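S.K.: First residue of the sequence shown? That's 44 in the working numbering, and the numbers climb one at a time after it.
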Amino acid sequence: MSHHSFRTAVSVGRLRLLAISLIVVAVSLTFLLQSVYVENLFIPDRGQTKADQAPITVVVLDSSQASEAPFPFLSAFSSSFQKPTWRSRPITAQQQQQRHYHEQQQQGRWRSEAPGVFDIVAHGAVGDAVTDDSDALTAAMHAACGHAVERGVVATVLVPWGGCYAVQPITMQGPCGPGMKLQIDGVLVGPSDPAAYPFPDYTSTYFPYTSGFLSFKNFSGLVISGGGRIEGQGWEFWSAFRNYTLQKTIPIRPFAIRLMHCNNTRVEGISIWNSPMYHLFAYACDGLHVRRYKTNSPSRSPNTDSLKLVGIKNALIEDCFLHGGDDDVSVVAVGELVACNITVRNLEATAGHGISIGSVGWDGNIGCVAKVRVINVTLINLTNGIRIKTWQGGLGVVRDVLYENIHMKNTSKAIMLNQFYCDKHQNWTCGGHVNNVALHNIWYRNISAVVRDKYGIFMHCSDTVPCTGIHLQQVNVQSQYPARVLTPVFENVLVSATDDVWPAPVGSSFDQWGMAFPTSEQAALIQNVSSYCNPCT
């Protein structure tokens, strides 16, 4: 063979080898692209928590079984090869739900739900922010509750991401077997017309006028979670409230979420915007966990407490971001409803009236609060920072409270104890009463603040039932105006403080070297008003 012929043969061989290699690469790409095509139809993540990242295995049908290949120009190369029929891949729960939603949109219809999951779209919801989807949400809730009772398992009501669902006020009555989960990934929109809300369907001695957008009663094991939100459309309600004459002619402003006599409840991940009144109201509940919860309402929206906890035992509030027009967290006890063992931690608030205990003891009622811990909190642009407020003439005690690692900026007052709180709309005098709710064993530790007003620290207590056992450690409150000297108020406060407290407590009732003791008459009255409370268990 000539040298030229040999070179020609080698070139032809190389070309054949290159052609075979290209075919192999094309076939490999076909397998890869077709097998992952269906898997990657989900909408990209919007951020996941550690809990969301627990992998689950989902079996995905290979694209070879679809009516059309996604890449037809490669199909000729792969027709003679056997393709795998099934393929497994770990994905997150959020990705699974997002892919389910996207696939249903691609098909132009909604498929049947997974076992134990009741999708409101499968029950007729449209999600265009105009159509009334109340019947669909109600039907899904009742179906989920029935499933939970029948099967003895927790059932899920799904509000899918991507829809904006206009619904009317809904009340669900438990119990519901082992529990129900409301997964809000889309947006639920409440009515803006005050007339759409019914008159209160629940009465109690202390909160007779309450209605809600989403109300749950007598549930155990209720979970409200997801990355979606509730839009309360509170503007008309706020305007009506500001006109007090008009306020008397319309139903009371509703709460966005109302939990009544619910035990072992978890609220996680959801946001509530523009609630007509309280964003999340919990009443007479035992076992409440609120995590990664957010609110967003104007700072001047009236009575829009982000969290109103009335008579709650064993609660954990953590990792929340709050922006509202009233108390960011309000812990209240009244009558037989004791507030006990409540922890608030890792929270940030950027509007509102701060972290409050109270008001307690209004209209001469009994109020019992014990074992409250507020830890690792940042408060910015608030009217108050951390405060305890009680009415004159009440009975009971607020005791065993710890505030630790609290940092405040541009608040009016940083620390408040006020036994003379009263509502200007009530016919109840703010002073002159012998009885008062006692305040005892309250700790402030590692508190820093930059404040707007001239006090910084304001402790105004009764001369008949003074505040006792008040402890200040590593407290530093400064004015945001360099030329202003703060003039703190310590009135009828029996307090102990370390040397690193500023401004330093002043007044005859202050004992820097230990807690001062009340007079025998004061001690007897403190014991009497406190005796109305049972131990916190």
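From the three backbone atoms N, C-alpha and C, an ideal C-beta is built for every residue, glycine too.
This structure is a prediction, so every number in the text was calculated from the model and none was measured.
(1) By the 10 Å Cβ neighbour count, where 16 or more other Cβ atoms means buried, how is I63 classified, buried or exposed?
(2) As a quick exercise: from N357, V536, H322, pick the residue whose alpha carbon is nearest that of G368.
(3) Relative to the C-alpha of R495, which candidate in T454, F463, E564 has its C-alpha closest?
(4) In this structure, does DSSP put R495 in helix, strand or coil?
(5) Alpha carbon to alpha carbon, how far is V200 from S318?
(6) In three-state DSSP terms, what is Q125?
(7) Using C-beta distances below 6 Å, list every residue in its chain close to S235, excluding the 5 sequence neighbours before and after it, in chain order.
(8) Chain D beta carbons: is any one of them nearer than 8 Å to that of I360?
(9) Given that a residue counts as buried once 16 or more other Cβ atoms are within 10 Å of its Cβ, and exposed if not, what is T530?
(10) Give the DSSP-derived three-state secondary structure of W204 in the structure shown.
(11) Starting from M1 and walking both ways along the alpha helix (DSSP H), at which residues does that stretch end?
(12) Taking the alpha-carbon of V477 as reference, which of W486, F463, L445 has the nearest alpha-carbon?
(13) Taking just the CA atoms, how far does S263 sit from H332?
(14) Where does Q216 land, buried or exposed, given buried means 16+ other C-beta within 10 angstroms?
(15) What is the DSSP secondary structure of N453, reduced to helix, strand or coil?
(16) Which two residues bound the contiguous alpha helix (DSSP H) that contains E279?
(17) By Cβ distance below 6 Å, which residues in the same chain neighbour F256 in space, the five residues on each side in sequence not counted?
(18) Counting along the chain, where does the beta strand (DSSP E) carrying S402 start and finish?
(19) Which term fits R301, buried or exposed, when burial requires 16 or more other beta carbons within 10 angstroms of its beta carbon?
(20) V440 and C576: beta carbons closer than 8 Å?
(21) Helix, strand or coil: how does DSSP classify V508 here?
(22) Beta-carbon within less than 8 Å of W316's beta-carbon, same chain only, minus the 5 sequence neighbours each way: which residues are those?
(23) Whole angstroms are fine: how far does the CA of I267 sit from the CA of L380?
M.R.: Answer, in terms of the structure:
(1) exposed
(2) H322
(3) T454
(4) The answer is coil: DSSP assigns R495 none of H, G, I, E or B.
(5) 22 Å
(6) Here the model assigns Q125 a pLDDT of 32, short of 50, so the residue's position is not dependable, and the following value carries that caveat. In the structure shown, Q125 sits in coil (DSSP, three-state: anything other than H, G, I, E or B).
(7) Once the five neighbours on either side are set aside, the close Cβ partners of S235 are Q276, E279.
(8) Of the chains in the structure shown, none is chain D; there is only one protein chain.
(9) exposed
(10) coil
(11) Lying outside 44 to 580, the shown extent of the chain, residue 1 is not represented and no answer is given.
(12) F463
(13) 13 Å
(14) exposed
(15) DSSP places N453 in the strand class (E or B) of the three-state scheme.
(16) 278-285
(17) P212, G233, P297, A299
(18) 398-403
(19) Classification of R301: buried, given that the 10 Å Cβ count is 16 or more.
(20) Yes, Cβ-Cβ distance for V440 and C576 is below 8 Å.
(21) coil
(22) R272, I273, E274, G275, T338, N339, S340
(23) Spanning the two alpha carbons is a distance of roughly 24 Å.
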